[in-house]
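Listed in order, the protein sequences are those of chains X and S. The end of the first sequence is residue 137 by my numbering, with every number in the run present. The end of the second sequence is residue 137 by my numbering, with every number in the run present. Every residue, glycine too, gets a C-beta built ideally from N, C-alpha and C. What you are looking at is a predicted structure, and each value in this text was computed from that prediction instead of being measured. This report refers to the structure that appears directly beneath it.
2 protein chains.
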Amino acid sequence: MSADNQQERLDEKWIVGFVDGEGCFHVGINKQQKMSLGFQILPEFRVVQHQRDKKILFEFKKYFGFGKICKNHDDRKEFRVRGIKNLNSIVKFFKTHTLKTTKQKNFELFSKVIEIMNKNEHLTKKGFERIIKISSTMNRKSRILRDYMPNTQ
Amino acid sequence: MSADNQQERLDEKWIVGFVDGEGCFHVGINKQQKMSLGFQILPEFRVVQHQRDKKILFEFKKYFGFGKICKNHDDRKEFRVRGIKNLNSIVKFFKTHTLKTTKQKNFELFSKVIEIMNKNEHLTKKGFERIIKISSTMNRKSRILRDYMPNTQ
Chain X
-15 MSADNQQERL DEKWIVGFVD GEGCFHVGIN KQQKMSLGFQ ILPEFRVVQH
35 QRDKKILFEF KKYFGFGKIC KNHDDRKEFR VRGIKNLNSI VKFFKTHTLK
85 TTKQKNFELF SKVIEIMNKN EHLTKKGFER IIKISSTMNR KSRILRDYMP
135 NTQ
Chain S
-15 MSADNQQERL DEKWIVGFVD GEGCFHVGIN KQQKMSLGFQ ILPEFRVVQH
35 QRDKKILFEF KKYFGFGKIC KNHDDRKEFR VRGIKNLNSI VKFFKTHTLK
85 TTKQKNFELF SKVIEIMNKN EHLTKKGFER IIKISSTMNR KSRILRDYMP
135 NTQ
């Protein structure tokens, strides 16, 4: 067996530490005509690294058993998780293994969005607007968000 | 006992994960007339965070029992360890708890510098030049380094 194959699987506490530093819970809101409300909600979990450390991103993929390694920008790569089923696994993981930095707050908001989507409530105007509100407290307000809710901060 | 006092001490594996993301092993070389070779070698270990997460830096200080929390730049703070005794403890920690990213390579070079300093060999021209060489493979080459060894890459 090669040294690489003998390598241990990532440890849960190491993952939490690394994600406290390098992880990102993001809810994208994209204009999309074919959606009933005209917008698509795209939650995703990302871990970004310089390409010299892409090996560790593949270790994340191996640990979770899903996700993609793709280009972030310039010489940076990301481990990216999309899709409600996989994101539910991510939420379950970080509910069991609590983040220690203020990223925990973002995670809690993110998991609320996933909860709404699990019930398909994001397809209703009310549910969609709840997500918009949550999202506006999570990330820098996007142009779409400013257009949709011009009075929010 | 307050909630804060009840908070668990940082876990070793979490520390390794966080440092794999946010830590820095640095060897500064500063011009200083009063030193026999005209330079001061200043190794340090840093963990940098936005000031919103300075609490976690104090957790590092609590775990290790040494180090300072100081301003990094702008709205960023750092947990900073200097001094050969404390840096020996840091080296011992990361020899026991191995980093998983390419930061491990930097750590190994850093620990070589500490080893040279433990033997006081950095006070000799030969030892000093070994440190300069090691340092030039660790970090972006500083102006001092370019002046001192113009032929190194």
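- Check whether the Cβ of Arg30 of chain S lies closer than 9 angstroms to any Cβ atom in chain X. Not one chain X Cβ lies under 9 angstroms of Arg30 of chain S.
- Query: Could you give the uninterrupted runs of the alpha helix (DSSP H) lying entirely in the stretch 80 to 118 of chain X, keeping only those of 4 residues or more?
  - Reply: At a cut-off of 4 residues, the continuous stretches assigned as alpha helix (DSSP H) that sit fully inside the stretch 80 to 118 of chain X are 87 to 102.
- Which one of S:Cys8, S:Arg(-7) and S:Ser20 has the shortest CA to CA distance from Asn104 of chain S? The residue with the shortest Cα to Cα distance from Asn104 of chain S is S:Ser20.
- Determine the burial state of His57 of chain X: buried for a count of at least 16 other Cβ atoms within 10 Å of its Cβ, exposed for fewer. Its Cβ having fewer than 16 others within 10 Å, His57 of chain X is exposed.
- In terms of residues, what are the limits of the alpha helix (DSSP H) holding Gly5 of chain X? Element bounds for Gly5 of chain X: Glu(-4) to Glu6.
- Return yes when the Cβ of Val0 of chain X is within less than 9 angstroms of the Cβ of Trp(-2) of chain S, no when it is not. In this structure, Val0 of chain X lies closer than 9 angstroms to Trp(-2) of chain S by Cβ.
- Task: State yes or no: is the beta carbon of Lys(-3) of chain S nearer than 9 angstroms to at least one beta carbon in chain X?
- Result: The beta carbon of Lys(-3) of chain S sits closer than 9 angstroms to some beta carbon of chain X.
- Going by beta carbon distance, what residues of the same chain come within less than 6 angstroms of Arg30 of chain X, once the five residues before and after it are set aside? Answer for Arg30 of chain X: Cys8, Glu62 and Arg64, listed in chain order.
- Task: Let me know the secondary structure DSSP gives Met122 of chain S once reduced to three states.
- Result: When DSSP states are grouped into helix, strand and coil, Met122 of chain S belongs to the helix group.
- Message: Counting only beta-carbon separations shorter than 9 angstroms, does Glu6 of chain X have a partner in chain S?
- Response: At least one C-beta of chain S is nearer than 9 angstroms to the C-beta of Glu6 of chain X.
- Message: Let me see if you follow: with CB-CB separation under 9 angstroms, is Thr85 of chain X close to chain S or not?
- Response: It does: the Cβ of Thr85 of chain X has a partner Cβ on chain S nearer than 9 angstroms.
- Contact between the stretch 78 to 89 of chain X and the stretch 104 to 119 of chain X: three or more CB pairs below 8 angstroms? Result no; under three Cβ-Cβ pairs closer than 8 angstroms.
- Message: Looking only at its chain, what residues have a beta carbon closer than 8 angstroms to the beta carbon of Asn60 of chain X, apart from the 5 residues adjacent to it on each side?
- Response: Reading off the sequence, residue 60 of chain X comes out as Arg, not Asn. If we look at Arg60 of chain X and ignore the five residues flanking it on each side, its Cβ neighbours are Val32, Gln33, His34 and Gln35.
- Message: If the criterion is Cβ atoms closer than 9 angstroms, does the pair Ile74 of chain X and Leu93 of chain X meet it?
- Response: Not a contact, by the Cβ cut-off of 9 angstroms.
- Message: Applying the 10 Å Cβ sphere with the 16-neighbour rule, what's the burial state of Phe44 of chain X?
- Response: By the neighbour-count definition (other C-beta atoms within 10 Å, threshold 16), Phe44 of chain X is a buried residue.
- Item | Per-residue burial, Gly67 of chain X [other beta carbons within 10 Å of its own, 16 or more giving buried] | Gly67 of chain X is exposed by the Cβ-count criterion.
- Message: For Glu28 of chain S, tell me which candidate among S:Asn70, S:Asp4, S:Lys110 and S:Thr108 has the shortest Cα-Cα distance.
- Response: For Glu28 of chain S, the closest of S:Asn70, S:Asp4, S:Lys110 and S:Thr108 by C-alpha to C-alpha distance is S:Asn70.
- Message: DSSP three-state label for Lys69 of chain X, please.
- Response: Here DSSP, grouped into helix, strand and coil, assigns Lys69 of chain X to helix.
- Query: Which partner residues of Glu43 of chain S appear in the DSSP bridge assignment?
  - Reply: In the DSSP output, where bridge partners are listed per residue, Glu43 of chain S has none listed.
- Give the residues of chain X in contact with Asp37 of chain S, contact being defined as C-beta atoms less than 7 angstroms apart. The contacting residues are Thr85 and Thr86.
- What does DSSP give as the partner residues of Gln24 of chain X in its beta bridges? According to DSSP, Gln24 of chain X bridges with X:Asn14.
- For the putative contact between Phe42 of chain S and Ile25 of chain S, defined by C-beta atoms under 8 angstroms, what is the C-beta separation to the nearest angstrom? Rounded, the Cβ-Cβ distance is 28 angstroms, inconsistent with contact.
- Query: Which partner residues does Phe29 of chain X have in the DSSP bridge list?
  - Reply: DSSP output for Phe29 of chain X lists X:Phe9 and X:Val65 as bridge partner(s).
- Task: Identify each residue in the stretch 36 to 64 of chain S for which the Cβ-Cβ distance to at least one residue of chain X is less than 7 angstroms, and report them in chain order.
- Result: Of all residues in the stretch 36 to 64 of chain S, the ones placed with a Cβ closer than 7 angstroms to any Cβ belonging to chain X are Arg36, Asp37 and Ile40, in chain order.
- Task: May I have the straight-line CA-CA distance separating Glu(-4) of chain S from Ile98 of chain S, to the nearest angstrom?
- Result: Going by the C-alpha atoms only, they are around 22 angstroms apart.
- Message: If you measure between the beta carbons of Lys46 of chain X and Leu83 of chain X, is that distance less than 9 angstroms?
- Response: Taking 9 angstroms as the Cβ cut-off, Lys46 of chain X and Leu83 of chain X do not qualify as a contacting pair.
- Would you say Leu26 of chain X reaches chain S, if we count a Cβ-Cβ gap shorter than 9 angstroms as a contact? Under the Cβ distance rule, Leu26 of chain X does not count among the residues neighbouring chain S, no pair being separated by less than 9 angstroms.
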